[in-house]
Structures are given as C-alpha cells and as structure tokens.
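For reference, the structure discussed in these notes is given below.
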Amino acid sequence: MSAFLQYVVNGLTSGAFLALVALGYTMIYGIIRLINFAHGDVVMVGSFAGYTIVTTLVAQHWPVAVVVLVALVAGMAITGGLGMLIERVAYQPLLNSSRLAILISALGVSLALEEGVRIIFGAGFSSYPNILPAANFSLGGAHASYVQLVMFGLCLLLMLGLYLYVHRTATGTAMRALAMDRDAARLMGINVERTILLTFLLGSVLAGASGVMQGLYYSQINFIMGFLLGLRAFTAAVLGGIGNIPGAMVAGLLIGLIGSFSDGYVSSQWTDAIIFAVLIGVLVFKPTGLFGERVAERA
Amino acid sequence: MTPAQTAQAARRRRLTPRLPGAGMATRAAVTGAACLLSLLLPLLLSQYAMSVAVTVVTFAILGLGLNVVVGYAGLLDLGYAAFFAIGAYTSSLLELHLHLSFWETLPLAVIAAAISGCIIGYPTLRLRSDYLAIVTLGFGEIVRIIATNLNVTGGPNGLYGIPAATVFGTSILTSNAQYYLGLFLMAVAVAVTGLLSRSRLGRAWRSLREDETASEAVGVPATKVKLLAYIMGAMVGALAGMFFSARFGAIDPTSFTYNTSVMILIVVIVGGMGSIPGMILGAAIVVALPEVLRPISNYRLLLFALALIVLMLARPQGIWPARRSRPGSFTAPPEPAGEAPAPAGRRSEPGSVLLSVAGLGHSFGGVTAIGDVSFDLHAGEILSLIGPNGAGKTTVFNCITGLVTPQRGSVLLGGRSLRKLRPHKIVRLGVARTFQSIRLFEGLDVAENCLVGLAAHQGRLLARHGLLGRTTAADRRQALRWLEFAGLSGQAHLLAAQLSYGDRRRLEIARALMSAPLILLLDEPGAGTNPTEKQALMQLIRQVRDSGVAVLLIEHDMDLVMGLSDRVIVLDQGHTIAAGPPAQVRSDARVIDAYLGREETESAETVEEVLGWRS
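Heads up: the protein sequence lines correspond to chains A and B, in order. According to our numbering, the first sequence is numbered sequentially starting from 14. According to our numbering, the second sequence is numbered sequentially starting from 36.
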C-alpha cells in the first residue's frame, strides 16, 4: 500500500511536469496543426538555461530562494524568446505550404537545438547543484517532500492561469477562433501572425518552467532529454484530445501515473511500450481522445 | 484579396508544375544518364564511398516504401522503421534458425511485414491522419522495445552471424557487390511503386489524400484503400530490412529507432512527396550530407539540421516534386464504330419506384435535423427537395448516401435497404451525389477527378482488374464523354483547383456521373451561378434525366426548381409539409407559411415577389 501511494506521489509529480509540456503541444497543434517536434527540446534548453543560472548564482552565494526564483523566471523568459524565434524563422514562412514541410522544419529545429546544446555543454549529464531542502512529510506511508508539493502547486497554478487566459480573455478567444478557422479569424480582424506568435510564447514559457523545475527536481539533465519528454508529452496531448487544454492537463498527470506504476510494478524498459499501448487502445475506442478534440476538421 | 483567395492563389502556384524546362526528352535523358552513372559508380568511387552508396540505396528503398504511405495516400507515418525492423528480424531469424537462404526468406519477410501493416493499419483506419502520426510512432516504438526485451530477438545485443546473400552461388560480401544487389532491389522497388502510382489503386490513394469524404462519396472504399497503402509500404520496407541485415551480418534494435523513422520521413519530404526520382535524390542527400560534413565532425549534425530548415524554407515541395500528368496528355482514342455517342446510364423502367424513403428521422445532440420524412423517387423524374435553411435537406442527403446513419426510418433502393452501408457501397448500388460546398480533388487534374469516379463500378479493386490495373482506353473515353457532356472537354488537363466556380460545379456532376448511377443527388448546384450559367445548368440536369438517371435536387433557386422539377417536396423543420407538382406546391398555404412565417395579412403578390416565383 505504501509503495502504491509512493508511486502515486511520484507519478503526479512527473505528470505535472509533463502536463506543462503537453499544453504547449496541444496549443501549437490546435492553432497551426503542427506536431512541434522541437517543443521537447525547448524544455531541454530551459533546463540548461536554469542550470547555467543556478550554478553561476550558487557560486556567488546568493540565497537559495532567490536563485530558484531567478532561474525559474529567466528560464521561462529565455524559452519564451526561443519559441518565438523558432516560429518566426522556421515555421511562419511555411504556414501556407504543405503541413509536412513544416513538420520537417520542426525536426530540423529539434536536431539543431540538441546539437547546439551538445556542442556547448557536452554530451554527458550536467548536474544541478543540490540546493533544495530535502524536508519530507509522511503521507499514509508514502514520502513526499515539501519541494514536490510546492512544484506540484506551481504547475497547477500555471495551468490554471493558462486556462483562464485562453478561455476568459479576448486574446484567448482569438486563439481559439484561430484554431477553428484561420481565414475566418483573419476576416474578423484578428492579427493571425501575432496570435500564432503569442501561442508559441505561452507554450514555450510553460516548457521553460517545466524544464527548470525538472532540472531542480531530478538534478541530472542532458541534451537528449527533450526527446522522451516530448514523446510522452505529445502522447498526453493526443490522449487528452488534441487542442483540448484541460484534457492535456489531465492526460499529462495520467501518463505520469501510468509511467510511475509501470516503472514500479513492471519494468522501466517496458514503460514506453505500455504508454503507447494505452494510447492506441484509447484511440481505437475513442478516436478523438479521452476528452474530445477541440479543433475543426480541416475542410 | 481575402485570405481565402490568397491561400487559394498560393495553392495554385504551388500546384503548377516546377522544372518548366524539363520536357519529356530532357527527363528521359536525365534518367538515362543517372542509370548509367549509378551502374558505373564503383569505378569512380573509393571503397568507403561505396559503402556510403550502399546506405544511400538502402534509404532510397525505404523512402520509396514510405512514399507509398505518405506521398501517395497522404497518411503520416512516424514509425516506418518498424517495417524495416520486421523485415530484418524475420529474414535473419529464418536464416539463423531454419537455415533458409536470403532469397528463400524474401517472400516470408515481405509477408510478415504485410501482416504487421494490417495490424497497425486496422485499428487506426478510423482515425484522422494526425492521430495516425502518433499511433504509428507508438507502434514503431513498441516494435523496437519488444525487440530489445525479447530473448528470441537477441535482446539489446541483437542477432549476429547472419549469412550474406548469395547470387548464383557467390556470396555478396564486398561493397561493390552489395551495391549492385541493393541497386537491383531498389530497381524492384522503383518498378513496383511506379506501377502502383499509375494504377487505379494509386488514383484512389491520391483522391483519398485530397479529400477522404469526397473520395468515399464517389465510390472509393476508403478503409480498404488506406490499409493497402500500409501493406504495400510495409512490404517495400521489409525488402530494405532484409538487405540491411544481410549486408552487415548483424542487427540490433538501435538501427530501428524513432530516429530512423524520422530519417526516412526526411528522405520522402526533402526528395519531394510522391516522386520516385525524388526518393533517390532525398536518400542521397540525407545519407551523404552528414558524410561530406565528417571533417568537421563536431558540427556536422548541427549543420545538417540547419541545412534541413533552409532546404524546407527554400523548397517546401521538395527537391524533385512529383510530376503532374503532362498537359495535353489526356487524349482519348477515337470512338470505336457503333458505340452510341451520348453517354448512357443504367436504364431502369420509367415510372417505377427507385428510391423509397420512409419515416426518416435523425437528431444531432438535442437538435432534431429531420423528424419524419417520407418520399419516393421514381425512375426518369427530377424531384426537388426544398425548404428554408435548416429544414433538414442536406441531412436527408447525408442519410441516403451513408455519411450519416439515420436514427429512425428506412431508405430503400429498389427494395434493398441502404441503412448502415458505407458511402462507397451506396455509390456502387447506384446513388451518386454532389456536395453543397463543392468537394473536388483539388490537386488532381480534371480528367483524373472523373476517373476516380470509376472506382464505383469497377468494384473489387483487387479481384476484377488486378492490383495494378491501368486506366484503359475505354475508361479514358468514358471520362472524356462525361466531361464533354458537362461542357468541360477543353479543360481535361487543368487542375481542379484552376477551374472557375461554375466549371467546378459541373465537374462535380461529371465525376458523380462516372459511377454510372441510377440516381443523382445534387445539393444546391445552382448556388452562386449567374443567369447564363443557370440556364446551362438546367439544360445539363435535363440531359442527365433524359439519359435515364433520376435526379434528386436540393435547391433554393425557385426558377431552377420550378423550371426543372417533375415533383417538389417541401421540408420545414425536419418534416414534409407538402409534396406534388410545382404548380400545386407553389400555392400551398403551409409552404407560404414556412417561407414567410404565419402572417395572415401577407398578400399573394409579396409572396411571389419574395420567392421570385413567376409563372
């Protein structure tokens, strides 16, 4: 029983990190029908940005709370800028071309980010310094740290913020309209290019937050970490119903849990096979994901 | 220009053929020179370069296979390496355990891949193509993970000691020999995929890629055709897998990762989707470019990645995009003597009941689109379905043609129920349709749009005409005849996207008639036509009726309805409120209420004015 609870705690933590990334996939897919293969690598860049900041500031003996805050905010700012840069350079010129051309461009960006980071930081693991308090509390036999609790809360807060932004503001409505019909949205006076750019900004900011938190939590990062992360996050986006923001959140947590149970009860070697089998199984019975998609079928 | 127009203009630009100077002769010369060069390559290159060339050939075969799925059928596959792996493992295991030779394992490996193509294809058939991407990716990963974790496949270490292929008793060991074997297998893949592309199946794939709903509505069995794309693609992939394992004598799961799938996809897109020379060129670039960059090894993948982005920005359609059918190539051979010049549909006894709709009802969520609709359509008549917007007219069409399965009531064609039949089956039974928002295969030319319609009465794509059945002279004659009938014979070589609005409507009618229907369902054919076009359209519809095809018409244009119809049915809020000859319906009080609301003081003149009903 305590093992089970422990898996739940760990699964929810990794699931929350995953959900933040899945949101980026689902938003970007919803708005330009692109599986943004570079998104996992944006998370990775966020992790490395956080790593650089944390190691620099820790060396100068800044207080831990300030270091974490600065790393988080700067990491989010850097990935946000990176996301917009990627959109402008590699995607926007291809928005009216075939969707596969843009997909290959995304694969190119993904590889470029990985290789760029590898050249700067090397191919091995980089380790965040261990600066977070390790204080634990017991939860029905399972252990959860306060850090886990705070990070989980922060993830939920960011997701809630995004949800409210997309569903309650005029810009958010413009985004959803754009996801339904780009031409009609343009005719209604929506600045399509800027709204797409804004979507990339939001998705990438969340990716940065997830990257820095994962670095702080797991400590070990490397240039290839974005691949598996991206794969699982995209799976979560599809599982939740593509374009569906709450769906991506729930499915992210769900995939985190499935992964944690599979690691614990089966073997981590089979985890990805199990995750994909669950996905395929769900799609066979519910072709639009668990919670239904929110994008218009391409006419 | 509106954004829609801009997008359409962009699409037209994109669809116009590239390489304008490359005529037939140039193409043939280039192809000949390339063949000669590829045969002489071992004389020109070092051993090391030849081993790279063998890898190029392997990826070219893989590209050709994936091209069937992605390029022809338009299905995104991110796990294609799975078939590469299945071919490699099947062949290796059979050689190691049953001591079969390379060539003996060939059919078995290809069959194993075909079966796995079925397995992956089947559950995903109902999914939209974007979901397909992740499901195929998942399938690819599952295959790799299984190979990594099973004992029989050698786990992470893989299999080794796989014998080399032998040709006429000689083992294929040197790079040069491997190169020629690879070249042979590649030639096989080129021949097979080339034949597929020109076959009826190829046309069905292209129509599916352009518009799945329209494709089913003209008689293409979409699920079967999609499955065949997976199977054909998988079989070619297995060929590459066998070659790969025989070449190295050892395989392990790291050769069949997601990255491999991505590399193959890059070959297809960079080369130019749907194009066979494009695949070979794409493979050369994807494999050779990183090799060329080897001297700056630390930066080569970064440069490769940047080159990929630049390449896509510069040529989003790929380096050597698929060639469209040559302009003017569509000429039908002369009519054999004795054949009737006018197109003839399947004849049925005039006046007999063809289609019988009874108690039809359907709701979407809480909205009742149709409550209770009943009518009969007789052979040789034009029956119009009119009613205010939202009356349920198009839903009636969708229920008849199988796009929507009606919740209540029955649809009988000559006594046979059409309920729950797939749209393509219904077309085969003789019910063809057009769409309110025109749905053509924009990227196919006018003649090809028509020829897709043949799928309906060719029936069993596989059995009757063979998988690689080519378009016969009779097929072409028939297409040209219907195009002439619709007044489009001069435009046969244009892309559907290049036609004017009125021509697009007429092409949709010609395409529907290709299926030799008993009944033609027209959904607002008069929308957006000017008075001259309307006259021509009316003439066309009368001719259709006179050729023996009964017409069921949805239309708002009352001139058209009153001028054409033998009988009119009026729907309001999902119910039939009137039926009869035009003159009778026109004066029906309930019809006037439905259109104008219950306003007792409304004068008859106003009604006539508003509806434009003039006698």
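Here a beta-carbon is modelled for each residue, glycine too, at the ideal position from N, C-alpha and C. Note that the structure is a prediction, hence the values are computed from the model and not measured.
{"query": "Host beta strand (DSSP E) of Asn149/A (start-end)", "result": "149 to 152"}
{"query": "Residues from the stretch 167 to 200 of chain B in contact with chain A, defined by Cβ distance under 8 Å", "result": "Ala168, Ile169, Val170, Leu172, Gly173, Phe174, Glu176, Ile177, Ile180, Ile181, Thr183, Asn184"}
{"query": "Proximal chain D residues relative to Asp285/A, where beta-carbon distance stays under 7 Å", "result": "This model lacks chain D altogether, as its protein chains are A and B."}
{"query": "Within 7 Å of chain B by C-beta, residues of the stretch 117 to 143 of chain A in sequence order", "result": "Ile117, Ser118, Leu120, Gly121, Val122, Leu124, Ala125, Glu128, Gly129, Ile132"}
{"query": "Given 8 Å, three or more beta-carbon pairs between the stretch 293 to 306 of chain A and the stretch 239 to 258 of chain A", "result": "yes"}
{"query": "Cα-Cα separation, Val579/B to Lys569/B", "result": "15 Å"}
{"query": "Inter-residue CB distance, Leu599/B and Leu420/B (contact presumed, cutoff 8 Å)", "result": "Going by Cβ atoms, the distance from Leu599/B to Leu420/B rounds to 12 Å, so no, they are not a contact pair."}
{"query": "Exposed unless 16 or more other CB atoms sit within 10 angstroms - verdict on Ala275/B", "result": "buried"}
{"query": "Touch test, the stretch 429 to 441 of chain B against the stretch 525 to 535 of chain B, Cβ-Cβ under 8 Å, three pairs minimum", "result": "no"}
{"query": "Which of helix, strand or coil DSSP assigns to Ile237/A", "result": "coil"}
{"query": "Distance CB(Phe61/A)-CB(Ile234/A) smaller than 8 Å", "result": "yes"}
{"query": "Reference Leu108/A; option with closest CA among Glu139/B, Val91/B, Leu348/B", "result": "Leu348/B"}
{"query": "Residues of the stretch 328 to 362 of chain B whose Cβ lies closer than 9 Å to any Cβ of chain A, in chain order", "result": "Asn333, Tyr334, Arg335, Leu336, Leu337, Leu338, Phe339, Ala340, Leu341, Ala342, Leu343, Ile344, Val345, Leu346, Met347, Leu348, Arg350, Pro351, Gln352, Gly353"}
{"query": "Which of helix, strand or coil DSSP assigns to Phe399/B", "result": "strand"}
{"query": "Where Tyr115/B sits in the DSSP three-state scheme", "result": "coil"}
{"query": "CB contact below 8 Å: Met597/B versus chain A", "result": "no"}
{"query": "Contact set between the stretch 94 to 112 of chain A and chain B, restricted to residues whose Cβ is under 9 Å from the partner", "result": "Val102, Ala103, Pro106, Leu107, Asn109, Ser110, Ser111, Arg112"}
{"query": "Chain B contact for Gln233/A (CB, 8 Å cutoff)", "result": "no"}
{"query": "Residue environment, Glu251/B, which counts as buried when at least 16 other CB atoms sit within 10 Å", "result": "buried"}
{"query": "Cβ pair count under 8 Å reaching 3, the stretch 169 to 187 of chain A against the stretch 47 to 56 of chain A", "result": "no"}
{"query": "Start-end ranges of the alpha helix (DSSP H) lying completely within the stretch 510 to 577 of chain B, minimum 4 residues", "result": "536 to 548"}
{"query": "Interface flag, Ile30/B vs chain A, CB-CB below 8 Å", "result": "As shown, chain B starts at 36 and ends at 650. That puts residue 30/B outside it, with no answer to give."}
{"query": "Against chain A: residues of the stretch 557 to 574 of chain B by CB proximity under 9 Å", "result": "none"}
{"query": "Limits of the beta strand (DSSP E) - the one that His156/A falls within", "result": "155 to 158"}
{"query": "Where Tyr195/B falls: helix, strand or coil (DSSP)", "result": "strand"}
{"query": "Contact residues within the stretch 303 to 329 of chain B, judged by C-beta distance below 9 Å to chain A", "result": "Val303, Ile304, Val305, Met308"}
{"query": "C-beta neighbour in chain A for Arg161/B, strict 8 Å", "result": "yes"}
{"query": "Cα-Cα separation, Asp623/B to Pro617/B", "result": "10 Å"}
{"query": "Selected residue, minimal CA-CA separation from Lys428/B, among Asp558/B, Ala285/B, Thr228/B", "result": "Asp558/B"}
{"query": "Assigned secondary structure, Val427/B (DSSP; H/G/I helix, E/B strand, else coil)", "result": "What sits at residue 427/B in the sequence shown is Gly, not Val. Three-state DSSP puts Gly427/B in coil, outside helix and strand."}
{"query": "Selection from Ile121/B, His132/B, Tyr166/B that minimises the alpha carbon distance to Ile146/B", "result": "Ile121/B"}
{"query": "Helix, strand or coil at His134/B [DSSP, three-state]", "result": "coil"}
{"query": "Cβ shell of Phe236/A (< 7 Å), same chain only, five flanking positions each side left out", "result": "Met57, Glu127, Val130, Arg131, Phe134, Ala136"}
{"query": "8 Å contact criterion, which Ser409/B and Ala393/B should meet: CB distance rounded", "result": "5 Å"}
{"query": "Within-8 Å CB hit, Val297/B to chain A", "result": "yes"}
{"query": "Span separating the alpha-carbon of Pro560/B from that of Thr212/A", "result": "40 Å"}
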